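Numbering (my numbering), first residue to last: 1 to 766.
Virtual Cβ for every residue (Gly too), placed ideally from N, Cα, C.
As the structure is a prediction and not an experimental result, all values here were calculated from the model.
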């Protein structure tokens with residue numbers, strides 16, 4: 001017998017299964033246990049040990065993973081079998097051609113053969129053993145245990161090489177099948193981070209800067225840009241239309257969850273109902289037009305509260321509500337509830353979560369997007385945008401294994417399909433719009449028929465039009481073909497060209513990817529896992545993982561397995577976007593983005609959430625005036641520091657963080673009357689497109705020519721110097737009120753630290 005070398009670092013990890021005991025695959029009844037096997041019946045460890053010997057690879061030790069429950073044909077827990085294997089491996093006789101010293105052979109006990117039961121114990125074991133590298137056997141034992149080990153390695157940062165039992169020379173790392181390079185632009189483009197696109201894509205920076213200005217509802221750059229190929233006068237004129245710019249700002253920010261908590265929703269709603277198309281106006285009676293105009297006037301008053309109640313009253317007076325797109329907004333109960341929650345000035349403090357949008361709002365968004373020139377302009381540059389509010393589609397990837405011998409009617413498989421559809425439906429229900437489940441079943445030559453029957457069942461189970469199911473394959477099951485399987489899956493997923501429209505047939509345009517593990521050959525499942533990670537990077541969307549298991553009553557259930565795979569590329573993208581969002585003080589967006597990452601982003605997410613609360617949070621009724629003024633100074637100092645070159649967002653945000661969170665409406669009104677800098681700051685805010693500029697321009701058109709000396713409203717923002725001067729003067733007011741003249745830079749310091757933290761996380765480990 002050859003003693004194991006001690007001067008080589010890799011730790012061999014082996015989840016044991018029936019194959020280690022000499023049982024046939026899918027065995028269901030007890031059989032004699034034979035740990036040794038023979039020349040024509042080699043055990044998994046024998047194959048691995050022989051392969052390591054041939055390649056000259058040593059190991060620092062062996063970690064056997066085994067369960068403590070009784071399952072399958074075994075009448076004993078597998079951990080007892082593992083203990084017997086250890087005794088043999090540590091004896092003079094050895095096992096599978098090896099002997100291993102007892103201090104270098106470890107057994108990890110796991111409660112059940114599932115991913116969720118194995119990850120945490122494995123992380124603890126990796127921490128205790130601290131290996132530099134691990135070799136994880138693949139192709140025998142429980143795939144769920146192996147997946148748990150793999151995820152624990154990813155979370156712990158321990159390099160994990162997969163070692164196919166039947167072909168050890170074909171070892172590979174999951175990370176090597178994934179290439180996150182050149183995917184950052186996808187994420188920036190999907191989420192419409194135009195400023196950051198200008199920095200990473202210099203050849204198209206001229207377009208990105210125009211779109212960044214449009215997102216701020218600033219049309220001045222479009223007005224002064226000289227026409228040229230790709231940016232002709234017609235397109236520039238479109239970008240220079242203020243109402244179109246406000247719509248773009250609204251929908252793009254709504255798509256990221258930014259606009260729903262600010263008065264931009266009220267601005268968009270008011271302008272939309274008061275500016276119908278000719279066709280819409282012709283379909284509405286004179287009396288209905290009067291009710292709609294009256295509602296618009298009330299909503300345009302900055303001193304009037306209770307917008308949702310005013311919409312409800314208008315709906316009552318309009319009954320029946322005309323079914324034009326603009327009037328239907330007033331009759332949409334879901335939109336009124338959405339309006340009520342969004343403009344409460346407290347909703348933005350709720351944790352990010354479900355964000356289904358009202359149907360009438362989606363219909364208006366689709367109408368606007370159909371005439372928006374930007375998709376065409378981006379397409380001319382060789383790219384395709386994503387739908388501004390997404391497609392609502394979720395892509396489900398799932399391998400199909402063999403039917404168990406004791407289940408000839410495939411009841412377990414049918415139950416699995418139903419569980420997966422239910423899981424996908426829950427996730428689909430939390431998206432902005434209701435799209436489709438795009439089920440893709442991956443099969444080998446042996447499982448194609450079973451996969452087709454699953455697809456048929458899925459189509460029959462789901463409501464009409466809510467699901468499309470396709471079988472992909474047949475894929476190889478050769479142990480060394482993971483890279484080829486991964487490439488083939490990606491090619492299949494990319495067959496349909498992206499359209500950028502909400503009813504897209506392209507799988508690039510899905511809003512989430514749901515990955516189901518535990519079914520099929522390990523090499524196929526591993527290729528699918530790598531493809532899912534890569535496709536999530538290409539499609540710039542969240543990736544969620546679940547496993548199919550059997551509960552104690554032997555029912556098929558699905559358990560989410562966390563977001564660990566995000567560490568293989570997505571975390572860096574999410575951190576980069578979150579940093580960009582913090583840079584604009586879109587702090588809730590940063591908070592929401594980081595929620596889609598792995599546990600490695602948890603600390604940053606908590607920091608972003610706290611920073612968001614410190615910027616927008618409400619003072620308690622017992623908070624003193626001195627503390628309120630101190631908080632006001634900190635918030636305004638931050639805004640002056642961060643948004644110095646964006647006058648409208650600076651003034652708009654400044655007022656949003658002051659009232660009613662720190663100063664209620666009556667107090668704020670009294671402060672404006674008492675201090676001219678606060679009055680001026682409020683005026684700048686109200687004259688921005690996010691607030692009341694469009695209302696006042698509309699009123700200006702209805703009235704007689706302006707009186708001599710009356711200041712004319714501007715469609716472009718004030719000079720940055722004026723906005724900063726107003727902010728500084730307002731800071732002085734609050735410093736005088738609290739009797740101190742010390743700079744409140746605490747939030748500025750935390751802003752700098754948070755961005756540095758996010759930028760460090762955004763560095764691609766590759």
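- Query: Hey, is the stretch 84-104 in contact with the stretch 473-486, meaning 3+ C-beta pairs nearer than 8 Å?
  - Reply: no
- Item | For residue 509, the nearest candidate out of 187, 568 and 11 (CA to CA) | 187
- When burial is assigned at 16 or more other CB atoms within 10 Å of the CB, is residue 529 buried or exposed? buried
- Would you mind sorting residue 632 into buried or exposed? The rule is 16 or more other CB atoms within 10 Å of its CB. buried
- Taking buried to mean at least 16 other C-beta atoms within 10 Å of its own C-beta, is residue 17 buried or exposed? buried
- Query: When you compare only the Cα positions, how much space is there between residue 451 and residue 537?
  - Reply: 27 Å
- Task: Under 6 Å Cβ to Cβ from residue 196, same chain only, skipping five residues before and after it: list those, please.
- Result: 188 and 580
- Between residue 637 and residue 733, is the Cβ-Cβ spacing less than 9 Å? no
- Item | Segment contact, 8 Å Cβ cut-off, at least three pairs: the stretch 252-259 with the stretch 233-242 | no
- Can you name the start and end residues of the alpha helix (DSSP H) that residue 394 belongs to? Run containing residue 394: none in the alpha helix (DSSP H); it sits in the beta strand (DSSP E), 394-399.
- Message: I'd like to know if the stretch 688-695 and the stretch 243-250 are in contact, where contact means that at least 3 CB-CB pairs between them fall below 8 Å.
- Response: yes
- residue 556 - partner residues in DSSP beta bridges: 550
- Taking all protein chains shown into account, decide if residue 635 is buried (16 or more other Cβ within 10 angstroms of its Cβ) or exposed. buried
- Query: Taking the alpha-carbon positions, what's the residue 365 to residue 390 distance?
  - Reply: 11 Å
- Query: Anyone know if the C-beta pair for residue 430 and residue 353 falls short of 9 Å?
  - Reply: yes
- Item | Contact check, residue 515 vs residue 532, beta carbons under 9 Å | yes
- Task: State the DSSP-derived secondary structure class of residue 172, mapped to helix, strand or coil.
- Result: strand
- Message: With H, G and I counted as helix, E and B as strand and the rest as coil, what does DSSP make of residue 432?
- Response: coil
- Query: Straight-line CA distance for residue 313 to residue 319?
  - Reply: 10 Å
- Message: Short of 6 Å in beta carbon distance, which residues of its chain neighbour residue 680, apart from the five on each side in sequence? Order them along the chain.
- Response: 726
- Beta-carbon contacts of residue 462 that lie in its chain and below 7 Å, excluding the five residues immediately before and after: 421 and 437
- Message: For residue 5 and residue 526, what's the separation of their Cα atoms in angstroms?
- Response: Per-residue confidence for residue 5 stands at a pLDDT of 43, beneath the threshold of 50, marking its modelled position as unreliable; no derived number is given.
- Message: Closest to residue 612 by C-alpha separation, out of 600, 661, 523 and 88, would be which residue?
- Response: 661
- Message: Within a Cβ cutoff of 7 Å, which residues of the same chain sit near residue 300, ignoring the five residues on either side of it in sequence?
- Response: 270, 692 and 695
- Query: For residue 701, is the classification buried or exposed, using 16 other Cβ atoms within 10 angstroms of its Cβ as the cut-off for buried?
  - Reply: exposed
- Can you name, in chain order, every residue of its own chain whose Cβ lies under 7 Å from the Cβ of residue 735, other than the five neighbours on each side? 633 and 741
- Query: Does the beta carbon of residue 50 sit closer than 9 Å to a beta carbon anywhere in chain B?
  - Reply: The question asks about chain B, but that chain is absent: this structure has only one protein chain.
- Message: Pairs of beta-carbons, one from the stretch 332-340 and one from the stretch 277-286, closer than 8 Å: are there three or more?
- Response: no
- Message: Alpha carbons only, please: which of 163, 441, 327 and 588 is nearest the one belonging to residue 773?
- Response: Outside the shown range of the chain, which is 1 to 766, sits residue 773, and nothing can be said about it.
- Assign residue 448 to one of three DSSP states: helix, strand, or coil. helix
- Would you list, in sequence order, the uninterrupted alpha helix (DSSP H) runs of no fewer than 4 residues that lie entirely inside the stretch 324-405? 325-331, 333-342, 359-371 and 374-380
- Item | Extent of the continuous alpha helix (DSSP H) run through residue 271 | 264-274
- Task: Mind checking who residue 64 pairs with in its DSSP beta bridge?
- Result: 14 and 107
- Item | Closest Cα partner of residue 417 within the set 519, 367 and 202 | 519
- Should the stretch 537-546 be called in touch with the stretch 402-410, which here means at least 3 C-beta pairs below 8 Å? no
- Nearest to residue 239 by alpha carbon, out of 211, 392 and 446? 211
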